[in-house]
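To start, the structure itself, in structure tokens.
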Amino acid sequence: YFEATINGAPITGRSDESILACARRHGVYIPTLCELADIDHTPGTCRVCLVEIQTQGSGKTHLVTSCTTPMQVGLEIWTRTPEVREKQRLQVELLLADHDQDCATCIRHGRCDLQDVAQFVGLRQNRFHDPARVAMRPIDDSSPALIRNMKRCIRCQRCIAVCRDGQGVDALIQIGTGLDTAVGLRHGLTQKNSACVSCGQCVLVCPTGALGERDETDRALEMMYDPELVTVAEFAPAVRVGFGEEFGLPPGTNVEGQIITALRKLGADIVLDTNFGADLVIMEEGTELLQRLAEKKRPTFSSCCPAWINFAERHYPDILPLLSTTKSPQQCVGALAKTYLPEKMGIDPRRIRVISIMPCTAKKDEIARRQLRHDGIAEVDVVLTTREFSRLLRREGIDLKTLEPSAFDNPYMSEYTGAGAIFGTTGGVMEAAVRTMYYVVNGRELPSVELEQLRGFDGVRTATVDLGGDVGEVKVAMCHGLKPTRQIVEAVRSGSADFDFIEVMACPGGCVDGGGSLRSKKQYLPHALKRRETLFGIDRKRAVRQSHHNKQVQALYRDFLGSPNSHKAHELLHTWYSD
Ligand code: HC0
Ligand code: SF4
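Position one of the sequence shown corresponds to residue 18 (the working numbering), numbered consecutively onward.
Here's what the structure looks like:
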């Protein structure tokens, strides 16, 4: 450490840090729009982080971008001089020259970094705004999941970085030069037909409304207001631990009960739990896996993450026969909500619409898959991301924080066990599956249901689990994030990997940090561990912690499906993949 000053106050600096990083360490705010420390991204493109500096002994000050200028011994840094303030304001005004001015219609309105910085610099006019240039910027709305609106892009390149370096998908590139620079898809493709897998990680880092999900809050509202329709809502394991922040509750707070109340207030007729579907998936996938092990087919990949399915289909179609055929919990709930549930409740299935709330953008792709539509009828009609759900509550004037929690009351499809709850974090599917497979093989419970060896947080984790009986030891792997997934897939293809079961979650952290989660300004995935801890806490407190003990799942098999992997279960709960 050496000595320097910021705004006249003595500070300590390090030669391996930028002025921006040093200022942050000392609690001094400098506005930035492109840099994102959490993904080690410093492109220096927005040029808003200007400061004035005077190097030791030079006697002269000059303006520099603080993100790209290293600290020096004795450096004097000024962040609020008239020149700095004027030039920062000019920079923001230039960024807005070809930026859509219609903030009120933007999905990011009120939660936008660009709006924040415009406020900070005191922007009060837009002298350079050129509607003709804005009009030339394209909107790509080809994908069911994501909309890429270049009229709102400030070319920070964070999306390119996270897609390439974080996810290893590398779908996005910079196109054009100079004033025409923009973000596009490789080979001039569209979001739908490109290498993009709709994981939504780029949305999480976008500072503006340039990237976002296709907003379907209107469709959901129309369904809920239509007296002719019976709306069934389901929500994902991770949504309940990732949603409270939006309403000022501490990260990781479990708001399951308040979400149920909110859904009923909104007008949902029946509230189901995707966790029930997770327990059911364990019965189907666990049975399938034991069958495949008996036939010496290995490895089997999990199949509940739709961005992973997109990734396998687009990037490695030769491995599709290795994917479990079990549908995701979301789809299992949807399929049964239009068959089993109406039969039990005496409702005309044609009146039913299923709305699911997911921390995921790729779930919107999933419901549109041809394999998951039957005679034009979808199993799930609308997916709302967690972000859309928060917009919906605001539209209807509902403040989650003030709501009394309610309990699920559907007697057929809302009970869940601890095993279902932990699906929302990396390793959870594996742990839930092992709990049940052990029971199936040995006819008794695992001595300890918490499988610590599956719980780390590295991108790829491997373990050996003894399933006992005639199955014995199985080798498992869990990966989260698509970059680590690519490694595992390539190892499987080259024959150098030796696994029986591989769990894949496309988003780093698993669904707790899904691409449809709330966005955190200037941070990437800050709350994953807290959300994950709450999921483990839900499991710990649950009286029943193994999927095979879910009473409603047992009743479903007894009254409707027969046994796991039965003909009827196959028809309703299994699917196929294609490239
Ligand atoms: Fe997930 Fe799921 S665990 S993918 O992350 O399996 O989105 O939370 O809903 O379907 O259950 C997301 C979360 C789900 C599904 C479940 C699985
Ligand atoms: Fe890349 Fe995922 Fe964004 Fe698609 S959704 S562009 S794969 S980060």
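Backbone N, C-alpha and C fix where the C-beta goes; we use that ideal spot for every residue, glycine too.
Predicted model only: the values in this text are computed from it and were never measured.
- Taking C-beta separations shorter than 6 Å and ignoring five residues to either side along the sequence, the partners of A255 in its chain run P376, G441, C528 and V529, following chain order.
- The alpha-carbon separation between M454 and E467 amounts to approximately 14 Å.
- Annotated three-state conformation of C528 is helix, per DSSP.
- In the DSSP assignment, the residues bridged to E69 are L80 and W95.
- The C-alpha of N327 is placed about 11 Å away from the C-alpha of V186.
- At a Cβ-Cβ threshold of 8 Å, G533 and T378 count as neighbours.
- In this chain, T453 is not harboured by any beta strand (DSSP E); it is covered by the alpha helix (DSSP H) spanning G445 to N459.
- By the neighbour-count criterion, in which a residue is buried when 16 or more other Cβ atoms sit within 10 angstroms of its Cβ, N459 is exposed.
- A residue is called buried once 16 or more other Cβ atoms fall within 10 Å of its Cβ, and K168 is buried on that count.
- In summary, A311 is exposed, with fewer than 16 beta-carbon neighbours lying within 10 Å of its beta-carbon over all protein chains present.
- Per DSSP, the unbroken alpha helix (DSSP H) holding E588 starts and ends at H584 to L590.
- Straight across, the Cα-Cα distance linking E396 with V81 is about 56 Å.
- In this structure, T49 sits near C63, with a CB-CB distance shorter than 8 Å.
- The nearest non-hydrogen atom of ligand 2 is 7 Å or more from the C-beta of A178.
- Cβ contact annotation for K418 (same chain, cutoff 7 Å, sequence separation greater than five): F264, G265 and L266, in chain order.
- Ligand 2 never approaches C496 closely enough for any of its heavy atoms to be under 7 Å from the residue's Cβ.
- Its chain contains L339, V509, F516, D517, F518 and I519 as the residues whose beta carbon lies nearer than 7 Å to that of P316, once the 5 sequence neighbours on both sides are disregarded; these appear in chain order.
- The nearest non-hydrogen atom of ligand 2 is less than 7 Å from the C-beta of S215.
- Taking 3 residues as the minimum length, the beta strand (DSSP E) runs contained wholly in the stretch 236-272 are 247-252, in order along the chain.
- In the same chain as N210, and ignoring 5 residues on each side of it, the C-beta atoms closer than 8 Å to its own belong to S159, in chain order.
- Selection G489, P224 and I505 evaluated against A135 yields P224 as nearest (Cα-Cα).
- Spatial neighbours of I190 in its own chain (CB-CB distance under 8 Å, excluding positions within 5 residues in sequence) are listed in chain order as I177, V200, G201, L202 and R203.
- In the DSSP assignment, T479 is bridged to A494.
- Straight across, the Cα-Cα distance linking D117 with A54 is about 27 Å.
- Distance from A188 to M88 at the Cβ level is roughly 36 Å; contact not present, criterion being Cβ atoms closer than 8 Å.
- T270 places its beta carbon 8 Å or farther from that of G284.
- For T96, the closest C-alpha among the options V561, L67 and D115 is that of L67.
- In this structure, L189 has its CB closer than 7 Å to one or more heavy atoms of ligand 2.
- If you draw a straight line from the Cα of R331 to the Cα of R106, it is about 44 Å long.
- If you look at T402, you'll find it in the beta strand (DSSP E) that goes V399 to T402.
- Bridge partners of R370 according to DSSP: T248.
- In the displayed model, V521 falls within a strand according to three-state DSSP.
- Counting only runs of 4+ residues, the alpha helix (DSSP H) found wholly inside the stretch 314-360 occupies 323-332 and 346-354, in chain order.
- When secondary structure is reduced to three states using DSSP, N24 falls in the coil class, being assigned neither helix nor strand.
- Residue burial is scored here from C-beta neighbours: A121 has fewer than 16 other C-beta atoms within 10 angstroms and is therefore classed as exposed.
- The residue among E103, V247 and T291 with its C-alpha nearest the C-alpha of A436 is T291.
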